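Okay, so the sequence shown: first residue is 84 according to full-length UniProt numbering, each after it adds one. Beta carbons are placed, not taken as given, at the ideal position from N, Cα and C, and that holds for glycine. Because the structure is a prediction, the values reported are computed rather than measured.
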Amino acid sequence: PAGGGADVCEPLLTGEHVNVAKISESGKKQRKNWTLMWSVLTSDQLLFYKEMQQAATQKTGSKVDVVPLCGAMIEWTTEKSSRKNVFQITTNTGSEYLLQADSYSTAAKWYDSIRANIDSSTKA
Ligand code: I3P
Numbered sequence: 084p085a086g087g088g089a090d091v092c093e094p095l096l097t098g099e100h101v102n103v104a105k106i107s108e109s110g111k112k113q114r115k116n117w118t119l120m121w122s123v124l125t126s127d128q129l130l131f132y133k134e135m136q137q138a139a140t141q142k143t144g145s146k147v148d149v150v151p152l153c154g155a156m157i158e159w160t161t162e163k164s165s166r167k168n169v170f171q172i173t174t175n176t177g178s179e180y181l182l183q184a185d186s187y188s189t190a191a192k193w194y195d196s197i198r199a200n201i202d203s204s205t206k207a
């Protein structure tokens, strides 16, 4: 139907719980605080919600954070955390996020999907 509203981007990866720590905001370092977030990947954004239900109902303000993927960078890191399977996303506005899952296959699936969407939403 027409007039789908603000959130018409199709999620390319079904939501899933992922550990997230925002370590800097617009270039300013933040205290690391790992939080289990319900994470949804669209073609050009990574969305973090506190709970799965909030993603389903799309309540205004229910998103905890929106990570724009255009111009972002992604890389695995073993230096920024003592945890395993950690990768970092750096946005084009200088915000940095660490994402982590205990399962390597889960972490790798998110890494690959996010990287693909960064590539397709970023003009060469
Ligand atoms: C941090 C907390 C994080 C840890 C971080 C600590 O302490 O233990 O889990 O990151 O290590 O500083 P606090 O809760 O007192 O802020 P990892 O779990 O990713 O290792 P770091 O300072 O070496 O990043």
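* Flag W117 as yes when its Cβ comes closer than 7 Å to any non-hydrogen atom of the ligand I3P, and as no otherwise. => Looking up residue 117 in the sequence shown gives position 34. Yes, the ligand I3P has a heavy atom inside 7 Å of this Cβ.
* Asked: For W121, which residues does DSSP report across the bridge?
  -> Within the sequence shown, numbered from 1, the residue matching residue 121 stands at position 38. Paired residue(s): H100, Y132.
* In three-state terms, what does DSSP make of K206? -> The sequence position of residue 206 within the sequence shown is 123, counting from 1. The answer is coil: DSSP assigns K206 none of H, G, I, E or B.
* **Three or more C-beta pairs below 8 Å linking the stretch 94-113 and the stretch 177-191** => yes
* Could you say which of C153, Q136, G154, A155 lies nearest to K146 if we only look at CA atoms? => Walking along the sequence shown from the start, residue 146 turns up at place 63. Taking only the C-alpha atoms, the option nearest K146 is Q136.
* To do: Can you give me the Cβ contacts of K133 inside the same chain, cut-off strictly under 8 Å, excluding the 5 residues immediately before and after it?
  => The sequence position of residue 133 within the sequence shown is 50, counting from 1. The residues are M120, W121, S145, V147.
* Asked: Is it true that the CB of A155 sits closer than 8 Å to the CB of N175?
  -> One-based indexing of the sequence shown puts residue 175 at position 92. One-based indexing of the sequence shown puts residue 155 at position 72. Going by C-beta atoms, N175 is nearer than 8 Å to A155.
* Thinking C-beta only, is S196 closer than 8 Å to L124? -> Numbered from 1 along the sequence shown, position 41 holds the residue referred to as residue 124. Numbered from 1 along the sequence shown, position 113 holds the residue referred to as residue 196. Yes, the pair counts as a contact, with Cβ atoms nearer than the cut-off.
* Let me know if V149 comes out buried or exposed under the rule of 16 or more other beta-carbons within 10 Å of its beta-carbon. => As a working mapping, residue 149 is identified with position 66 in the sequence shown. Exposed, since its Cβ has fewer than 16 Cβ neighbours within 10 Å.
* To do: Say yes only if the C-beta of S164 is nearer than 7 Å to one or more non-hydrogen atoms of the ligand I3P, and no if none qualify.
  => By one-based count along the sequence shown, residue 164 stands at place 81. Yes, the beta carbon of S164 sits closer than 7 Å to at least one heavy atom of the ligand I3P.
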